[in-house]
Amino acid sequence: MAEPVIGIDLGTTYSAVGIVEAGFPILLADEEGERLMPSVAWFGPGVVKVGRAALREMAEGRLVRSAKRQMGVRFGEAPGACLPVVRASEGGMAFRTAEGEVTPVEVSRVLLSELKRIAEFRLEQEVRRAVITVPAYFNNAQREATKQAGEEAGLEVLRLVAEPTAAALAYGMDKLAERSRVAVFDLGGGTFDVSILELREGVFEVLATGGDTRLGGDDIDSVVLNLVARKAGLEGPALEMEGVDRDRLVREAERVKCELSREESAIFRAPFYDGSRSLEEQVERVELEGGMASELATMRRICQEVLVDAGMEGAGVEAGVMVGGSSRLPVVQRLAGEVFKQEPDCSQHPDEAVAIGAAIQAGILAGTWREVLLLDVTPLSLGVETLGGLMNVLIPRNTTIPCKVGEMFTNARDGQDSMQVRVLQGERELARDNWELGKFDLPFRSAPRGKARVGLQLSLDEDGILEVLARDVEGGGPDVIVKIESAAVDVSEDAVEQMVEESVEHALEDMKARVFTEARLKAEELLGAVEVALAQLGAGLAGENREEIVAARLAVEEALAAGEANQLKGAVETLDKVTEGLAARMVEEALGALQSGGQTQI
Ligand code: ADP
Ligand code: MG
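Encoded structure:
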């Protein structure tokens, strides 16, 4: 067999590895015959165990679960972890195990090494190349961290694929001749992703993607646990007490939850959960469904937003494909049926579809299928900060990757000879509300305001990883290629979802802030120009016009002080108008020099 390429689903709770063999995507089982590997690692003295072997170890303080949630996340911003965490190099975090500190990338490396080993064991040959899936909503830093983990595991990572996109491949490979639009609904242990794709003659094009990196089966376990506590007349915190093995309660809650996917009721049992007391409560499926109201509302909202983004609000899709372990919940299937206006498609194995899709993508890259093309999108907008602290979007979210976008910028001050470029990711209008992926200083030949010409180019590769190229066009300086070093961004994974939510919530305020900032920039420019013109030509002006100008100028200054966008906009327009005459001779030139010539200032 030619050198194989494996496909890996590196899940938060379970992982799997697959390959295309004789034209069929299959998952590779380990020595115990299992195709799903729990995504856990146990760090013992001089030995690391992975998956089921790790779960069998009893010694405490050494087992790391759900490391994926901490990938590319900065210390202090990390969502709840299974072990105490400490600050690590590059701003990231590490788990404190009894064996020392391990970073999420190291844990992922260990998991990936094990999957590589399983593949080599089954294929009886060395494996060096892989495709790895990531949640559609992973940002730049999280994607880089995943790729790095793969490389440290001795794998050349040929491609990162979004999980719902991979699931769509699994769904669509036997329907290549058809033309349809499908939604993939992926509800796993800790994340929720929805993508809408168009499938046509072998092209899998993602139209829009959305999700919540903090919504999944774990939240539903908490719903069960809270229900049980309430029924038993316990306060929530009673289960947080010293001496209570919370992990055990959570696992029992998960068991009950899964049973409720099949049965109408189930019994939660936790004998001697705090050493002396016991819990035994019957939970009805309808109670669980009632308790999930807020989670269900979030899923519904996200699905609707993605439908809007894909431009398919009324149109509907041909299939709503369900994947992820938590998509087994009947109430979740009903919800998908409602939003996609048809019976949910449960033809794919909920736990295996993503890995099967990764295997297919690996097969495509290995050359098995030449007629298949995958067009994915970037989930979050990318841009740079411009004068006044605004976000200037260069690549809007849901843009097909790979892509490359360039824009010219100019200097905001006279004699400026360098500019700071801040590269941002997010959906908010103001730079400070988005995440900084990196910043760098770009020197250029000193120029009067608005005269420098600096080209910036952002390119996103097939993996959704960013590269920035900057060039001083006027000065002819050398190109600066900037690798965005974002081992960790300044936010938690949770904030990804929050960011998009807030962008909707704050859309109005943001718009106001933007309108004000733009009006302020215009006002300042105009005031400067008027001042110059008045000083030089003032004597030659008719008294009436002069008074008008002075009054209008005062109004602008007052509006600036008041900080009110519409008032300022109005005042600037008036000043603009009354200085038209003034502009005839002098201001024309003065303004000309001051204006940026249509280019955005940094
Ligand atoms: P991930 O991709 O995040 O690793 P998975 O897709 O493997 O997650 O899904 C794991 C989640 O699915 C867990 O929260 C698990 O409890 C949940 N799950 C598995 N089986 C069922 C079931 N029968 N009913 C409800 N939830 C289930
Ligand atoms: Mg998954």
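Per my numbering, the sequence shown starts with residue -4, numbered consecutively. Backbone N, C-alpha and C fix where the C-beta goes; we use that ideal spot for every residue, glycine too.
In the three-state reduction of the DSSP assignment, Lys111 falls in the helix class, which pools H, G and I. In the DSSP assignment, Ser217 falls within the unbroken alpha helix (DSSP H) covering 212 to 226. Of the heavy atoms belonging to the ligand MG, none sits nearer than 8 Å to the Cβ of Val303. Distance from the CA of Leu419 to the CA of Pro40, rounded to the nearest whole angstrom, comes to 42 Å. For Ala314, the beta-bridge partners assigned by DSSP are Val177. The Cβ atoms of Leu375 and Leu453 lie no closer than 9 Å to each other.
For the region 105 to 169, the continuous beta strand (DSSP E) assignments of 3+ residues that do not extend past its boundaries occur at 124 to 129, 151 to 157, in sequence order.
Under the three-state reduction of DSSP, Glu290 is assigned to helix.
Cβ atoms of Ser322 and Leu210 stay farther apart than 8 Å, at about 13 Å. Using a cutoff of 8 Å, the CB of Val349 counts as near the ligand MG, since one of the ligand's heavy atoms is closer than that. For Phe19, the pairing in a beta bridge is given by DSSP as Glu16. For Gly384, no alpha helix (DSSP H) encloses it, and the DSSP letter there is neither H nor E.
Between the region 141 to 148 and the region 161 to 175, the count of Cβ pairs shorter than 8 Å is below three; the stretches do not touch.
Thr7 has its alpha-carbon roughly 29 Å from the corresponding atom of Val198. Around the beta-carbon of Met317, 16 or more other beta-carbon atoms lie within 10 Å, marking it buried. At a threshold of 8 Å, Glu158 counts as near the ligand MG, since its beta carbon sits closer than that to one of the ligand's heavy atoms. For the set Val349, Leu58, Met294, Phe404, the Cα lying nearest the Cα of Leu31 is the one of Val349.
Closest in alpha carbon position to Arg91, among Arg154, Leu58, Glu27, is Leu58.
In the same chain as Val245, and ignoring 5 residues on each side of it, the C-beta atoms closer than 7 Å to its own belong to Asp216, Leu220, in chain order. Distance check between Leu330 and each of Gly320, Cys298, Ala528 places Cys298 closest, using alpha-carbon atoms only. Assignment of beta-bridge partners to Gly28 by DSSP yields no partner.
For Cys253, the enclosing alpha helix (DSSP H) has its first and last residue at 241 to 257. Fully enclosed beta strand (DSSP E) runs of no fewer than 3 residues occupy 80 to 82, 88 to 92, 95 to 97 of the region 58 to 105, in order along the chain. If you look at Glu333, you'll find it in the alpha helix (DSSP H) that goes 325 to 334. For Thr141, the CB stays at least 8 Å from every heavy atom of the ligand ADP. Its Cα nearest to that of Leu529, the residue Arg548 stands out among Arg515, Arg548, Thr512. For Gly470, the shortest separation between its Cβ and any heavy atom of the ligand ADP does not lie below 8 Å. The DSSP assignment places complete beta strand (DSSP E) segments of no fewer than 3 residues inside the region 386 to 421 at 398 to 405, 411 to 420, in order along the chain. Leu437 has its Cβ no nearer than 8 Å to any heavy atom of the ligand ADP. If you check the CB distance, Cys77 and Arg60 come in under 9 Å.
Taking a cut-off of 8 Å for Cβ pairs, the region 415 to 431 and the region 352 to 360 do not touch, as fewer than three such pairs fall below it.
Membership of Thr569 in the alpha helix (DSSP H) is indicated by the continuous run 560 to 573. With a 10 Å radius around the Cβ and a threshold of 16 neighbouring Cβ atoms, Phe38 comes out buried.
In this structure the region 430 to 438 lies against the region 398 to 417, because at least three pairs of beta carbons, one per stretch, are closer than 8 Å. At a cut-off of 8 Å, the beta-carbon of Pro345 counts as near the ligand ADP: some heavy atom of the ligand is closer than that.
For Thr373, the shortest C-beta to heavy atom distance toward the ligand MG is 8 Å or greater.
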